[in-house]
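When we follow the working numbering, the leftmost residue of the sequence shown carries the number 11, and every step to the right adds one. For glycine and all other residues, C-beta sits at the position ideal for the given N, C-alpha and C. Note that the structure is predicted; figures quoted are calculated from it, not measured. Heads up, the thing below is written out as structure tokens.
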Amino acid sequence: MKVDILAFGAHPDDVELGCGATLAKEIHLGKKVGIIDLTQGELGTRGSAEIRAQEAAAAAAILGVSARENLGFRDGFFVNDEAHQLEIIKMIRKYKPEVVLCNAIDDRHIDHGKGSKLVSDACFLAGLRRIETAINGVEQEAWRPKLVYHYIQWKNIEPDFVVDVTGFIDQKMQAVLAYATQFYDLNSKEPATPITSKNFLDSIVYRAQDLGRLINTEHAEGFTVERYVAVNRLDDLM
Ligand SMILES: [Zn+2]
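And the structure:
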């Protein structure tokens, strides 16, 4: 199955937190979107791998994504090596996205920066035809995404461009809240973490509001690029 946009996250919920509204908008406009989670988030303080898998499926349904897979890498300990790159190359060649979205290049959780570089490196390698991969014995063709962008999650990274997501913030927050074990819940008996505070949940909305303010709209999500943002005409830029 081909998708237009493939979003990768080190943990289930990274994609929703970082670019959920952008994906909701693109899906609304007719694009096909897939999500690949690198780990099951099994080291997370709250919930379990099984519960998080159910939450991830619910969040995917809320956003309307066409496919979601989990690569089962080791939470906290996966590395950027050939074995891990090959698994990501397989996903890129399977779904053939024009655009790949992945974790912030630097963030509080060490898996985010690692996942970011791993996916970015694999996007390049996926285009080299002499790297052979197969799924279920069927050889894959080389495929390189045209664009690789990094969403912003915990740290306030200065974006290189922002997407107007006005009208899609509620859908994003519904998808985020599908991870009921992970975020603010007064009734939870599990230990508190930096992401279980009300402040964290509020920050997702107020960052979108603030980025929206800066481009004169209601809400926006920010991204960074590794290369230049290219446009055909000056007025392609809002
Ligand atoms: Zn994460």
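Query raised in the report: Counting along the chain, where does the beta strand (DSSP E) carrying residue 32 start and finish?
Result: Taking the first residue of the sequence shown as 1, we reach residue 32 at position 22. Here residue 32 belongs to no beta strand (DSSP E); instead the alpha helix (DSSP H) covers 24-38.
Query raised in the report: Going by the CB atoms, is the gap between residue 128 and residue 193 shorter than 9 Å?
Result: By one-based count along the sequence shown, residue 193 stands at place 183. By one-based count along the sequence shown, residue 128 stands at place 118. No, the pair does not count as a contact, with Cβ atoms beyond the cut-off.
Query raised in the report: Do residue 81 and residue 15 come within 9 Å of each other at the CB atom, strictly closer than that value?
Result: Working through the sequence shown from its first residue, we reach residue 15 at position 5. Working through the sequence shown from its first residue, we reach residue 81 at position 71. By the CB criterion at 9 Å, residue 15 and residue 81 fall outside the cutoff.
Query raised in the report: Would you report the Cα separation of residue 243 and residue 234, rounded to the nearest angstrom?
Result: Residue numbering aside, residue 243 sits at position 233 when the sequence shown is read from its first letter. Residue numbering aside, residue 234 sits at position 224 when the sequence shown is read from its first letter. Using only the alpha carbons, I get a separation of about 21 Å.
Report task. Using only alpha-carbon positions, find the residue among 203, 221 and 130 that is nearest to residue 54. Result -> Against the sequence shown, residue 54 aligns to sequence position 44. From the listed residues 203, 221 and 130, the smallest Cα separation to residue 54 is found for 203.
Query raised in the report: Whose C-alpha, out of 143, 119, 91 and 144, is nearest the C-alpha of residue 162?
Result: Here residue 162 corresponds to residue number 152 of the sequence shown, with the count starting at 1. The shortest Cα separation from residue 162 among 143, 119, 91 and 144 belongs to 119.
Requested in this report: Could you check what DSSP says for residue 257 in three-state terms: helix, strand or coil?
Outcome: This structure cannot settle anything about residue 257, because the visible part of the chain is limited to 11 through 248.
Query raised in the report: Where do the N-terminal and C-terminal ends of the alpha helix (DSSP H) with residue 186 fall, by residue?
Result: In the sequence shown, counting from the first residue as 1, residue 186 sits at position 176. Taken as a continuous stretch (DSSP letters only), the alpha helix (DSSP H) holding residue 186 covers 179-187.
Query raised in the report: In or out: residue 126 buried (at least 16 other Cβ within 10 Å) or exposed?
Result: Counted from its first residue, the sequence shown places residue 126 at position 116. Looking at its Cβ environment, which holds 16 or more other Cβ atoms inside 10 Å, residue 126 is buried.
Query - Inter-residue spacing [alpha-carbon to alpha-carbon] between residue 72 and residue 34 - result: Here residue 72 corresponds to residue number 62 of the sequence shown, with the count starting at 1. Here residue 34 corresponds to residue number 24 of the sequence shown, with the count starting at 1. Rounded to the nearest angstrom, the two C-alpha atoms are 9 Å apart.
Requested in this report: May I ask whether a heavy atom of ligand 1 can be found less than 8 Å away from the beta carbon of residue 116?
Outcome: Counting from one through the sequence shown, the residue named residue 116 turns up at place 106. No.
Requested in this report: Would you list the residues sitting across from residue 105 in a DSSP beta bridge?
Outcome: Here residue 105 refers to the residue found at position 95 of the sequence shown. Answer is none; residue 105 lacks a bridge partner.
Query raised in the report: Can you tell which of 184, 170 and 11 has the C-alpha that lies nearest to the C-alpha of residue 238?
Result: Counted from its first residue, the sequence shown places residue 238 at position 228. Ranking 184, 170 and 11 by Cα distance to residue 238 puts 170 first.
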